[in-house]
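> Start counting at 1 in the sequence shown, then tack on 2, and there's your number in the working numbering. Ideal placement from N, C-alpha and C gives every residue a C-beta, glycine not left out. Have a look at this one before I ask anything.
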Amino acid sequence: MHVTILDHLPAGLLKHPAASLARYLDGPTLIHLPGRKPAPLFVSVLQHGNEISGWDSVRRLLAGRYQRDPLPRSLALFIGNITAAAEHKRHLPDQADMNRCWPGTRRSDSPFCAMLDQLTRHMRSLKPFASIDIHNNTGENPHYAAVNKIDAQRLNLATRFSRTVVYFTEPGGVQSDAFGQFCPAVTLECGLPGMRGGTDHAMAYLESVLNMDYLSEQFPQPEDLDLFKVAAVVKIPPECSFTFGSEPADLSFEAGIDKLNFSELPPGTRFARTRGNGRSLLALDTEGEDCTQNWFCEVDGSLLTQRPAMPAMLTTQADAIRQDCLCYLMERIRVQHPPGASGLPGKLPESAP
């Protein structure tokens, strides 16, 4: 597998929705478009085929004034898993998750890995201005940005999209972490796919960043940033059955449990009903170690939170849960750094009291 590299937009490509791109492109494709400022903005869309806000935002952006006016900055557009997009799937059953296959991944069994390594080396040589990877969620979430490292430029890039920023180090092999080794890189989470608000937000953000001359090395003010750290990923083991609603299963969640996303849950909050047969959730910390007992306990047929917790990316879509996870659990953190500091923070982020 290889990535196709083009120096132009194929004629008529912007007319086509994500599900049709496989008819017009040979596979994953990188498109270089020139702009007034040469250092390119790298934008990644459709790494997950059913997360279409990124492609829709780029279509609308490029089909407007930039059909006649030059781009303010060169753009490197990566269009990812178009075969999964044709099936409205995150990824196909015989495929790995593309956004787990970038340099730094722990796996090497996917054809995506060598292709994305080639793409990363190609982009590194071009010294990009910044990198933006656009995604959607499978549950109710606010729009937010995510970073893999705490530094001033990354946080400034993130807060231009949302004051809500998530710091995460797992899963590994993600695009933003790979590109973050050589340029400021963020992931955008634009809510549910197909919603006009997510597309509008991403499009306005892209235009704003394309028009930037530089990224400040001064940290955002505390009042402009709500920063959270992913502390655990919550999975449902394959042998454990689950439902959303009143039907019996090993784990029965409320039908609208995704409405708890970005809500701070106190200890003792019921997360699910259980059968009491020992089959339950699995929480893994950022080192991949089982930390379930730190977060949950079972009492009288209910799975309760053990400590304050804020879920993110809770979903009720069974396919997404089996392919990825039920949710992430986060803690609020603050960045400590000397007044007026630039570059890396003076101290590592720590949990807020």
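1. Could you tell me the alpha carbon to alpha carbon distance between residue 103 and residue 232, rounded to whole angstroms?
2. Roughly how many angstroms separate the alpha carbons of residue 9 and residue 31, rounded to a whole number?
3. Which one or two residues does DSSP pair with residue 133 in a beta bridge?
4. Distance check for residue 227 and residue 166, CA to CA, integer angstroms please.
5. Decide yes or no for the touch test of the segment 307–320 against the segment 268–280: beta carbon pairs closer than 8 Å, at least 3 of them.
6. Looking at C-alpha atoms only, which residue of 87, 300, 55 is the closest neighbour of residue 29?
7. Where does residue 237 sit, in a helix, a strand or coil, going by DSSP?
8. Rounded to whole angstroms, what is the Cα-Cα separation between residue 122 and residue 105?
9. Measuring CA to CA, which of 286, 199, 319 is closest to residue 256?
10. Counting only runs that start and end within the segment 128–184, where is the alpha helix (DSSP H) found for 4 or more residues in a row?
11. To the nearest whole angstrom, what separates the beta carbons of residue 243 and residue 276, a pair I think is in contact under 8 Å?
12. For residue 198, tell me which candidate among 62, 124, 41 has the shortest Cα-Cα distance.
13. On the three-state DSSP scale, how would you describe residue 126?
14. Could you please give me the residues that DSSP links to residue 85 through a beta bridge?
15. If I follow the unbroken beta strand (DSSP E) through residue 245, where does it start and stop?
16. Counting pairs of Cβ atoms below 8 Å between the segment 108–119 and the segment 64–77, do you hit three or more?
17. Could you check what DSSP says for residue 231 in three-state terms: helix, strand or coil?
18. Please check the pair residue 263 and residue 315, which I expect to be a contact at CB under 8 Å, by giving their CB distance rounded to whole angstroms.
19. Measure from the alpha carbon of residue 260 to the alpha carbon of each residue in 295, 323, 190, then state which is nearest.
20. Applying the criterion that 16 or more other CB atoms from any shown protein chain within 10 Å of the CB defines a buried residue, is residue 337 buried or exposed?
21. Compare the Cα-Cα distances from residue 47 to each of 208, 161, 153, 160 and report the closest residue.
22. Could you check the C-alpha separation between residue 254 and residue 212 for me, to the nearest Å?
23. Should residue 14 go down as buried or exposed, given a rule of 16 or more other Cβ atoms within 10 Å for buried?
24. What does the alpha-carbon distance come out to for the pair residue 330 and residue 125?
25. Give the range of the beta strand (DSSP E) segment to which residue 330 is assigned.
26. When you compare each of 24, 51, 234, 70 to residue 298 by their alpha carbons, which one comes out closest?
27. So, is residue 144 buried or exposed, given that buried needs 16 or more other C-beta atoms within 10 angstroms?
28. Taking the CB atoms as reference points, tell me whether residue 91 and residue 51 lie closer together than 7 Å.
29. From residue 346 to residue 221, what distance separates their C-alpha atoms?
30. Using a threshold of 7 Å, state whether the C-beta atoms of residue 230 and residue 162 are closer than that.
31. So which of 287, 327, 20, 191 has the shortest CA-CA distance to residue 171?
32. Under a Cβ-count criterion, where at least 16 other Cβ atoms within 10 Å of its own Cβ denotes burial, should residue 354 be classed as buried or exposed?
33. By Cβ distance, which residues of its chain are closer than 6 Å to residue 80, with the 5 residues on each side in sequence left out?
34. How about residue 41 and residue 131: are their beta carbons less than 7 Å apart?
35. So residue 195 and residue 289 are in contact, right, with Cβ under 8 Å, and what is the actual spacing, rounded?
36. Who are the near neighbours of residue 22 in its chain, counting only those whose CB is closer than 6 Å to its CB and skipping five residues on each side?
If we stick to the structure as given:
1. 20 Å
2. 11 Å
3. 44, 187
4. 6 Å
5. yes
6. 87
7. strand
8. 8 Å
9. 319
10. 154–161, 177–181
11. Their Cβ separation, rounded to whole angstroms, is 11 Å, which puts residue 243 and residue 276 out of contact at 8 Å.
12. 62
13. helix
14. According to DSSP, which records beta bridges pairwise, residue 85 is partnered with nothing at all.
15. 244–246
16. no
17. strand
18. 7 Å
19. 323
20. buried
21. 208
22. 46 Å
23. exposed
24. 30 Å
25. 329–336
26. 234
27. exposed
28. yes
29. Here residue 346 scores only 39 on pLDDT, less than 50, and its place in the model should not be relied on; the value that follows carries that caveat. Using only the alpha carbons, I get a separation of about 9 Å.
30. no
31. 287
32. Low per-residue confidence applies at residue 354: pLDDT is 37, beneath 50, and the placement is therefore not dependable, though the value from the model is reported in the following sentence. Under this definition residue 354 is an exposed residue.
33. 32, 46
34. yes
35. Actually they do not touch by this definition, with Cβ atoms about 31 Å apart.
36. none
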